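S.K.: One structure, pasted below without further comment.
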Amino acid sequence: MKPPVFEYRRAESLDHACELLSVSGEDSKILAGGQTLIPMMNFRLARPKVLIDIGNIADGNQITEEAGGIRIRATTVQRFVEKSTVVRARLPLLQHAIQHIAHFQIRNRGTIGGSIANADPASELPSMSLALDAQFELRGHGKSRTVAATDFFLTYMTTALEPDEILASIRFQEPPLGSGWGFHEVARRSGDFALAGSAAVITLDSGGKCIRARVVLLGVAPTPVRATGTEELLLGQRHSPQLIAEVAHKVQEVVDPESDVHVTAEYRRNVAEVLAVRALNDAFRMADRR
């Protein structure tokens, strides 16, 4: 299939892209890697009148170390982050999750910001932004603001981005010392979109008690979701099979799945709890070894 007719404009910088957005607004779409947008246009699911291409701006791949975290330019391709030794050392959960995104050919073109801005609830990067307390830098023509990941995802493939704004960078917070993580998802085949998934980041004190927790689900609600009730139950607790079973069941409070041609809503609901158990067990084991 072919997309509807559109105007093509190439941005020379992020500032130039913001300027172009301020003119075309709701009639335009940002084109970065194009791994989602182009298929959607071909199927007539997206009909922008203007495409603003940011895929060729200078220094598109940027990873910057900061105190307490890492800032990644939104135009950075996923494979670049996956291969980064800095990310491997400081944000291993992020690197691990990226390896589950489609196939490496897709990751060679798809960008970090493009996946997050697209906000597919079954995608790995939106859930990572919640698990790692990300802050998003949003820029428009002559303006800039920062939005927390918890406030960014509104509903299915809808975010807090205004029509004249672009996602410029993402700051992922490095978990504290003494933290462990786990990530599990299920898909019909390797490289397919996840049917459901869960990530956990657990921080233990010297006595083995949980002092900080992040538990995130993907593919089981209109947005990626944090299971805050589960997180609260974990605080002050030591690992035990009984504890994990109890707190994992608590994820049902935020799970709101739908049935589709692949699986039923009931399947997603049940699998979400199972994957939460696996992610939590991995996170506790890893934290306990540190």
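The numbers in our numbering rise by one with no breaks, and the one at position 109 of the sequence shown is 818.
Glycine included, each C-beta is placed from N, C-alpha and C at the ideal position.
Here the structure is a predicted model, which is why all the values come from computation and not from measurement.
1. Report the rounded CA-to-CA distance for GLN787 versus ARG818, giving the unit in angstroms.
2. Using the C-alpha atoms, what's the distance from ALA741 back to GLY764?
3. In or out: GLU962 buried (at least 16 other Cβ within 10 Å) or exposed?
4. If you pair each beta-carbon of the segment 898–905 with each one of the segment 871–887, do three or more pairs fall below 8 Å?
5. Tell me, please, which residues DSSP counts as bridged to THR785.
6. Between the alpha carbons of GLU716 and VAL983, how many angstroms are there, rounded?
7. Which residue's Cα is closest to the Cα of TYR976: LYS918, VAL929 and ILE807?
8. Should LYS959 be labelled buried (16 or more other beta-carbon atoms within 10 Å of its own) or exposed?
9. Out of PHE892, ALA828, ALA905 and PRO872, which one is the CA nearest neighbour of LEU863?
10. So, helix, strand or coil for ALA831, using DSSP?
11. Mind reading off the beta-carbon distance from ILE825 to SER836? Whole number of angstroms is fine, and I expect it under 8 Å.
12. In the DSSP assignment, find the unbroken beta strand (DSSP E) run with VAL895 in it and report its ends.
13. Rounding to the nearest angstrom, what Cα-Cα distance links THR932 and ALA857 in this structure?
14. Starting from TYR717 and walking both ways along the alpha helix (DSSP H), at which residues does that stretch end?
15. Going by C-alpha distance, which of MET866, MET750 and LEU876 is nearest ALA783?
16. Between the Cα of GLU883 and the Cα atoms of ALA869, ALA954 and THR912, which residue gives the shortest distance?
17. Since LEU942 contacts ALA831 with CB under 8 Å, what's their CB separation in whole angstroms?
18. Note down the Cα distance separating GLU728 from ALA776, rounded to an integer number of angstroms.
19. Look up ALA905 in the DSSP assignment and give the residues it is bridged to.
20. When the Cα atoms are used, what is the spatial distance from THR867 to ASP860?
21. According to DSSP, is GLN882 helix, strand or coil?
22. Which residues mark the beginning and the end of the alpha helix (DSSP H) in which ILE772 is found?
23. Within a Cβ cutoff of 6 Å, which residues of the same chain sit near ARG923, ignoring the five residues on either side of it in sequence?
24. From PRO966 to ALA726, what does the alpha carbon distance come to, in whole angstroms?
25. Bridge partners of PHE845, per DSSP?
26. What separation, rounded to the nearest whole angstrom, lies between the Cα atoms of VAL905 and GLU791?
27. Taking contact to mean 3 or more Cβ pairs, one atom from each stretch, closer than 8 Å, check whether the segment 849–856 and the segment 802–817 are in contact.
28. So what's SER733 in DSSP terms, helix, strand or just coil?
M.R.: Answer, in terms of the structure:
1. For the purposes of this step, residue 787 is taken as the residue at position 78 of the sequence shown. For the purposes of this step, residue 818 is taken as the residue at position 109 of the sequence shown. Distance between the alpha carbons of GLN787 and ARG818: 7 Å.
2. In the sequence shown, the residue the question calls residue 764 occupies position 55. In the sequence shown, the residue the question calls residue 741 occupies position 32. Cα to Cα, GLY764 sits roughly 5 Å from ALA741.
3. Numbered from its first residue, the sequence shown carries residue 962 at position 253. So GLU962 ends up on the exposed side.
4. No: fewer than three Cβ pairs fall under 8 Å.
5. Here residue 785 refers to the residue found at position 76 of the sequence shown. THR785 pairs with nothing; no bridge assigned.
6. For this step, residue 716 is matched to residue 7 along the sequence shown. For this step, residue 983 is matched to residue 274 along the sequence shown. Whole-angstrom Cα-Cα distance: 47 Å.
7. Position 267 of the sequence shown, counting from 1, holds the residue named residue 976. Out of LYS918, VAL929 and ILE807, VAL929 has the C-alpha closest to the C-alpha of TYR976.
8. Residue mapping note: residue 959 aligns to position 250 of the sequence shown, counting from 1. The C-beta of LYS959 has 16 or more other C-beta atoms within 10 Å across all chains shown, which makes the residue buried.
9. Taking the first residue of the sequence shown as 1, we reach residue 863 at position 154. Nearest C-alpha to LEU863: ALA828.
10. Here residue 831 is taken as the residue at index 122 of the sequence shown, counted from 1. In the structure shown, ALA831 adopts coil according to DSSP, grouped into three states.
11. Position 116 of the sequence shown, counting from 1, holds the residue named residue 825. Position 127 of the sequence shown, counting from 1, holds the residue named residue 836. No, ILE825 and SER836 are not in contact; Cβ-Cβ is about 10 Å, not under 8 Å.
12. Translated into the one-based positions of the sequence shown, residue 895 becomes position 186. Per DSSP, VAL895 belongs to the beta strand (DSSP E) from 888–895.
13. Translated into positions along the sequence shown, residue 932 becomes position 223. Translated into positions along the sequence shown, residue 857 becomes position 148. Taking the straight line joining both Cα atoms gives about 14 Å.
14. Taking the first residue of the sequence shown as position 1, residue 717 is located at position 8. For TYR717, no alpha helix (DSSP H) encloses it; the enclosing beta strand (DSSP E) starts and ends at 716–719.
15. On the sequence shown, position 74 is the one that residue 783 refers to. Looking at MET866, MET750 and LEU876, the one whose alpha-carbon comes closest to that of ALA783 is LEU876.
16. Within the sequence shown, numbered from 1, the residue matching residue 883 stands at position 174. For GLU883, the closest of ALA869, ALA954 and THR912 by C-alpha to C-alpha distance is THR912.
17. The residue labelled residue 942 in the question sits at position 233 within the sequence shown. The residue labelled residue 831 in the question sits at position 122 within the sequence shown. The beta carbons of LEU942 and ALA831 sit about 26 Å from each other, so the pair does not count as a contact at 8 Å.
18. Stepping through the sequence shown from its first residue, residue 728 is reached at position 19. Stepping through the sequence shown from its first residue, residue 776 is reached at position 67. The alpha-carbon atoms of GLU728 and ALA776 are separated by roughly 31 Å.
19. Here residue 905 refers to the residue found at position 196 of the sequence shown. Under DSSP, the beta-bridge partners assigned to ALA905 are VAL895.
20. The residue you call residue 867 lines up with position 158 of the sequence shown. The residue you call residue 860 lines up with position 151 of the sequence shown. When rounded, the distance between both Cα atoms is 11 Å.
21. By one-based count along the sequence shown, residue 882 stands at place 173. Three-state result, GLN882: strand.
22. Translated into positions along the sequence shown, residue 772 becomes position 63. From DSSP, ILE772 is part of no alpha helix (DSSP H) but of the beta strand (DSSP E) over 772–775.
23. If you number the sequence shown from 1, residue 923 lands on position 214. Hits under 6 Å: ALA840 and VAL910.
24. If you number the sequence shown from 1, residue 966 lands on position 257. If you number the sequence shown from 1, residue 726 lands on position 17. If you take the alpha carbons of PRO966 and ALA726, they lie about 36 Å apart.
25. Counting from 1 along the sequence shown, the entry for residue 845 is found at position 136. Bridge partners of PHE845: VAL856 and ILE879.
26. Residue 905 sits at position 196 when you count from the first residue of the sequence shown. Residue 791 sits at position 82 when you count from the first residue of the sequence shown. A quick correction: the sequence has Ala, not Val, at residue 905. ALA905 and GLU791: Cα-Cα distance of roughly 22 Å.
27. Short answer: they don't touch.
28. Mapped onto the sequence shown, residue 733 falls at position 24. DSSP places SER733 in helix when its eight states are reduced to three.
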